[in-house]
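One structure is given below, encoded as structure tokens.
Protein chains in written order, with our numbering: chain H, 1 to 509; chain D, 1001 to 1130.
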């Protein structure tokens, strides 16, 4: 059923009002009628009709004035002017004022019906247009919000990324530079965005590749992650991992982007890992030390027992023997503790003026007795040109003592019959302020598998007599003092350990 | 005549300790520092008892023990193991060795774990040798 459109008739002639009202009501309209302009406006305000039929010539407020008022109240209202003879000028004015149509008096049914139909069509079109417009406005608003939301999201993404994100336009001028970039490059955003070109910010090697990409000169493949050191604003060297890309629009280059991962934390963690692995190995060492320490305890107990028996019997020989046992084992404990400490602590080298050749002699004196007991000859080959130097004497002592100890054990544990065993310690001063220390033996030697294991964790072939610690400590000391250590060995044919350590000229005191 | 006791032990301090205990208790100590020397001394000296260490260079106590117990002329010499290696580990090693032969090897007379109290050692010696 057709919706009842509301209609208002304004005419000072009662007969016209009556006829039109009846006729239009029977057509299904909701009709109200007013006798003049003022009454018509009042009714219009009350009923808000969508169509108005108004006479032009009326006493009081005339049709033109009514038209103006109605349009003020509702610009979309359809106002049809009823014109009489001589109303042409008014009619034209009414048109200018946005009247919709005319009906000439006397009003013919057909004309009326056509005018109303057209009015209703216009109302329908306006309604649809409004709907579309509202809809469109809504859609634009929603789309704008979505765009804004995504833009916000991406901005947050870029800002919050820990990695540096640096994007440029097609000329290489920087347009995006996030907090991560501030942290790595050191420049604040205000100094960079639209103020600096990547020519100035990136390391040269990367700049060249980006330029080549931006100018489409070649196949710039920046996509693989590579390690690169960045020099920050304050000169600090920052290790980073870098990957980049050229950005394309429809067919042209629109810019570039670079991602930099800060590796400082990673490098720090790697160093921590090495340190904690070393500590963990110390823990392993403690477990492996059980046998070793048991033997030392046994030696101490035994020495005390022998000493007591000897004192009871006044046996001087046995007193000396017992005491020697105690002394020897105290020495072994001391050696073990020193090695453990050297292994697990980070130690800064403490250089002083010293004579490396003298240190070698001290070490040889310490192991003299043990060597003699097992008929091992100790040889020295000391460079006479190696005099006083500025190095860490304790480091040299500990490193050499461990190597010489191992060399002697290599001879003791050598199962070859009737060999003349020897251990040789050599020093040599080399160019570029390097001292070379060599500890060689002709004992049991090592096979390839053993050689590969000895520097990686506590490893000993000496059963309960070995801790595997000595070599690890030596290697650590050598590294801490800026040197290198190498080994050459053949199973059954002995080993030679070579240490290179840097030195400085002896300081004037 | 004082009974002869052979101590096969690579650690010099333990050797000194054991020989002192032996002398104090009236036995004659004979010393060897590895399995090779040990087997030689067994042949030369014919000891009444052997105190045997396990972990030694050149020839371990495991091998020497097996050799002793599978030699008809030597298997009756009582043997005391004295080692830092646990008894269980030692017995397992003997099982492993006998897998390859027919002879079952008897357990040692006594098994002492280092470090050992002089009185404990003396008591066992007395029990076995009198």
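Beta carbons are placed, not taken as given, at the ideal position from N, Cα and C, and that holds for glycine.
Candidates the options: closest to residue i by CA position
i, options, result
"residue 50 (chain H)", "H:75, H:39, H:26", "H:75"
"residue 1065 (chain D)", "D:1128, D:1044, D:1086, D:1091", "D:1091"
"residue 70 (chain H)", "H:82, H:302, H:181, H:48", "H:48"
"residue 480 (chain H)", "H:211, H:499, H:201", "H:499"
"residue 497 (chain H)", "H:427, H:449, H:507, H:232", "H:427"
"residue 507 (chain H)", "H:374, H:353, H:399, H:423", "H:353"
"residue 371 (chain H)", "H:335, H:408, H:110", "H:408"
"residue 377 (chain H)", "H:404, H:22, H:23, H:383", "H:404"
"residue 425 (chain H)", "H:160, H:450, H:345, H:381", "H:381"
"residue 234 (chain H)", "H:440, H:337, H:66, H:201", "H:201"
"residue 340 (chain H)", "H:99, H:469, H:134", "H:469"
"residue 1116 (chain D)", "D:1038, D:1051, D:1005, D:1002", "D:1051"
"residue 53 (chain H)", "H:28, H:82, H:45, H:368", "H:82"
"residue 435 (chain H)", "H:418, H:473, H:482, H:414", "H:482"
"residue 433 (chain H)", "H:406, H:11, H:114, H:385", "H:385"
"residue 86 (chain H)", "H:56, H:292, H:108", "H:56"
Residues near residue i in its chain [Cβ-Cβ closer than 8 Å; skip 5 each side]
i, result
"residue 1015 (chain D)", "1007, 1009, 1031, 1033"
"residue 1 (chain H)", "Note that residue 1 (chain H) scores 41 on pLDDT, short of 50, meaning its location in the model is unreliable and no value can be drawn from it."
Sequence-distant residues of its chain with Cβ nearer than 6 Å to residue i (five each side left out)
i, result
"residue 1112 (chain D)", "1082"
"residue 351 (chain H)", "390, 391, 392"
"residue 401 (chain H)", "363"
"residue 242 (chain H)", "226, 228, 260"
"residue 471 (chain H)", "454"
Min CB distance residue i to chain H below 7 Å
i, result
"residue 1138 (chain D)", "Residue 1138 (chain D) is absent from the model: chain D starts at 1001 and stops at 1130."
"residue 1084 (chain D)", "yes"
"residue 1017 (chain D)", "yes"
"residue 1115 (chain D)", "yes"
"residue 1089 (chain D)", "no"
"residue 1024 (chain D)", "yes"
"residue 1108 (chain D)", "no"
"residue 1118 (chain D)", "yes"
"residue 1020 (chain D)", "yes"
Chain-order list of residues whose beta-carbon lies under 7 Å from that of residue i (same chain, five-residue window excluded)
i, result
"residue 1085 (chain D)", "1054, 1055"
"residue 1114 (chain D)", "1082, 1083, 1084"
"residue 396 (chain H)", "356, 359"
"residue 1127 (chain D)", "none"
7 Å Cβ cutoff, residue i in contact with chain D
i, result
"residue 321 (chain H)", "yes"
"residue 306 (chain H)", "yes"
"residue 443 (chain H)", "no"
"residue 298 (chain H)", "yes"
"residue 337 (chain H)", "no"
"residue 302 (chain H)", "yes"
"residue 309 (chain H)", "yes"
"residue 419 (chain H)", "no"
"residue 446 (chain H)", "no"
"residue 370 (chain H)", "no"
"residue 325 (chain H)", "yes"
"residue 424 (chain H)", "no"
"residue 294 (chain H)", "yes"
Any non-hydrogen atom of the ligand SAH within 6 Å of residue i CB
i, result
"residue 1029 (chain D)", "As far as ligands go, the structure on display features none, and thus does not contain the ligand SAH."
Exercise for the section: Only counting runs of 4 or more residues, tell me where the alpha helix (DSSP H) segments fall wholly within the stretch 150-218 of chain H, in order along the chain. Expected result: 179-185, 198-201, 204-214
Problem - Any 3 or more C-beta pairs closer than 8 Å across the stretch 485-503 of chain H and the stretch 380-394 of chain H - result: yes
Handout entry: In chain order, each beta strand (DSSP E) run of at least 3 residues that lies wholly inside the stretch 1071-1114 of chain D
Key = 1079-1083, 1110-1113
Handout entry: Sufficient close CB pairs (3 or more, under 8 Å) joining the stretch 296-311 of chain H to the stretch 319-331 of chain H
Key = The stretch 296-311 of chain H vs the stretch 319-331 of chain H: in contact.
Practice task
Could you say if the stretch 50-70 of chain H and the stretch 22-39 of chain H meet the contact criterion of at least three C-beta pairs nearer than 8 Å?
Solution key: yes
Problem - Contact the stretch 135-146 of chain H vs the stretch 159-167 of chain H: 3+ CB pairs below 8 Å - result: no
Problem - Validate contact between the stretch 196-213 of chain H and the stretch 252-262 of chain H using beta carbons, cut 8 Å, 3 pairs - result: yes
Handout entry: Inside the stretch 268-345 of chain H only - alpha helix (DSSP H) runs reaching at least 4 residues
Key = 316-344
Exercise for the section: Could you tell me whether the stretch 443-451 of chain H touches the stretch 488-495 of chain H, using the rule of 3 or more Cβ pairs below 8 Å? Expected result: yes
Problem - Every unbroken beta strand (DSSP E) within the stretch 430-490 of chain H, with a cutoff of 3 residues, ordered by chain - result: 434-441, 484-489
Practice task
Please specify which runs of the alpha helix (DSSP H), each continuous and at least 4 residues long, are wholly inside the stretch 36-75 of chain H, giving them in chain order.
Solution key: Taking only runs of at least 4 residues, the alpha helix (DSSP H) segments lying wholly in the stretch 36-75 of chain H are 37-47, 63-73.
Problem - Every unbroken beta strand (DSSP E) inside the stretch 339-388 of chain H [3 residues or more] - result: 352-354, 377-381
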